[in-house]
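Asks: Here it is: the structure, laid out below.
Residue numbers (the working numbering): 633 to 1037.
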């Protein structure tokens, strides 16, 4: 069987998250998106852990709410502000990890994503000792990504670098960025939403398609490690240009810079703000030619349906009443957002949502949507045919349909 999994989200006890982040809302958003497995996020937080325990455990380390299975995860900020993504096999593993933190466990109540004064190797050892998996979260982002502060996996995780099974690419990167770097060839790449709200425009904006025998943590583990025929068969994500840190840009005025110009200015924008190095530039700096290992699945681009509808009807936000009404009609008709974007016949979309929206979805399918790259903390801008300015980097064309496999 195949299922879709989003392995990085945050609950409402993390900073800057929606007060609607309850498991029933997350389950509903995931079902509407077309995602069957979702991370709990923040499983070290005592109040969130209580809510996890209240769900039905359908297999060790796998909990169910509605039609969605949840697995135990957390993001931790450690030495140099680097973020790490941990996946736990059971509640007892989470409890063991908390106990090993000792006095540091008091920090867990402050934020769903705790800040711990631990080095990467120390944190990895603690994770391994408790049966958890660990890897870099959004590895290339300029503020808190591993490659923002270290030149290599070993620089971050020391002698345990060989024990790291996965790396999360982040919204501003794709497999081509990661596969420039030879040391990552054996790792499984994760594409996750890092969602802070439960709406499908956030939950599942990036996800992974996994081939396994069941939707459980045990099967996920085998897929990450490519054991017994389990594997990742697709990475699905935003065009990297849509990410907030794709290009080198000022974090104050968002003016974008080529690398040589930023270096000449010593990373100081003419407005006085700081220029943050883009994910694209950092990946090119770290590696050379793109070399995909034989196990690497194809990367598919997907733009949230709400964003496409908003562009089609001339709204600046995917959260307006009109956009939501059209979105709901399409999902009611087709079952999930993924189905709407990739498979529902255009004539049915036209009947449900009108020519403008149907044509926008067709443009997405045909690779005719363009993206004005983001940078400095500002998301890239999605543009439909006819809206694009003269010099915009285009999202990749000619990809296979998600359902061609």
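Beta carbons are placed, not taken as given, at the ideal position from N, Cα and C, and that holds for glycine.
All figures in this text were calculated on a predicted structure; none of them were measured in a lab.
Which residues in the same chain have their Cβ closer than 6 Å to the Cβ of residue 715, if we skip the five residues on either side of it in sequence?
Replies: If we look at residue 715 and ignore the five residues flanking it on each side, its Cβ neighbours are 707, 709, 769 and 776.
Asks: Taking the beta carbon of residue 649 as the centre, do at least 16 other beta carbons fall within 10 Å, making it buried, or is it exposed?
Replies: Residue 649 sits buried, since 16 or more C-beta atoms from the chains shown fall within 10 Å of its C-beta.
Asks: Does the Cβ of residue 914 have 16 or more other Cβ atoms within 10 Å, making it buried, or fewer, making it exposed?
Replies: buried
Asks: Have a look at 739, 817, 1008 and 872 and flag the residue whose alpha-carbon is nearest the alpha-carbon of residue 785.
Replies: The residue from 739, 817, 1008 and 872 with its alpha-carbon nearest to that of residue 785 is 817.
Asks: Who are the Cβ neighbours of residue 990 in its own chain at under 7 Å, not counting the five residues just before and after it?
Replies: 978, 981 and 982
Asks: With DSSP collapsed to three states, give me the class of residue 641.
Replies: strand
Asks: Using CA atoms only, rank isn't needed, just tell me which of 946, 961, 647 and 929 is closest to residue 811.
Replies: For residue 811, the nearest C-alpha among the options comes from 929.
Asks: What is the DSSP secondary structure of residue 615, counted as helix, strand or coil?
Replies: Coverage of the chain is limited to positions 633 through 1037, which leaves residue 615 absent and any answer about it impossible.
Asks: Put residue 983 into one of helix, strand or coil per three-state DSSP.
Replies: Reduced to three states, the DSSP call for residue 983 is helix.
Asks: Taking only the alpha-carbon atoms, compute the straight-line gap between residue 855 and residue 843 and give it to the nearest angstrom.
Replies: Spanning the two alpha carbons is a distance of roughly 7 Å.
Asks: Using the Cα positions of residue 700 and residue 767, report the straight-line distance between them to the nearest angstrom.
Replies: 24 Å
Asks: Starting from the C-beta of residue 664, find all residues in its chain whose C-beta is less than 7 Å away, skip the five residues before and the five after it, and write them out in chain order.
Replies: 832, 963, 968 and 969
Asks: Report all residues from its chain with a CB closer than 6 Å to the CB of residue 873; omit the five preceding and five following residues, and keep chain order.
Replies: 1003, 1005, 1012 and 1025
Asks: My parser needs the alpha helix (DSSP H) runs of 4 or more residues fully inside the segment 805-892; what are they?
Replies: 807-810 and 849-856
Asks: Rounded to the nearest angstrom, how far is the Cβ of residue 839 from that of residue 804, given a contact under 8 Å?
Replies: That belief does not hold up - the Cβ atoms of residue 839 and residue 804 are roughly 17 Å apart, past 8 Å.
Asks: From residue 958 to residue 925, what does the alpha carbon distance come to, in whole angstroms?
Replies: 41 Å
Asks: By the DSSP assignment, the beta strand (DSSP E) with residue 763 in it spans what residues?
Replies: According to the DSSP assignment, residue 763 belongs to no beta strand (DSSP E), since it is labelled neither H nor E.
Asks: Just verifying my parser: in three-state terms, what is the DSSP assignment at residue 1011?
Replies: Note: residue 1011 maps to coil in three-state DSSP.
Asks: Under the criterion of a Cβ to heavy atom distance below 8 Å, does residue 898 qualify as lining the ligand MG?
Replies: Inclusion of the ligand MG in the displayed structure is not the case, the ligand content being empty and no account of it being possible.
Asks: Would you mind sorting residue 640 into buried or exposed? The rule is 16 or more other CB atoms within 10 Å of its CB.
Replies: By the 10 Å Cβ count, residue 640 comes out buried.
Asks: Could you check the C-alpha separation between residue 975 and residue 846 for me, to the nearest Å?
Replies: 24 Å
Asks: Excluding the 5 residues flanking residue 813 on each side, which residues of the same chain have their C-beta closer than 8 Å to its C-beta?
Replies: Cβ neighbours of residue 813 beyond the five flanking positions: 915, 918 and 919.
Asks: What separation, rounded to the nearest whole angstrom, lies between the Cα atoms of residue 801 and residue 780?
Replies: 13 Å
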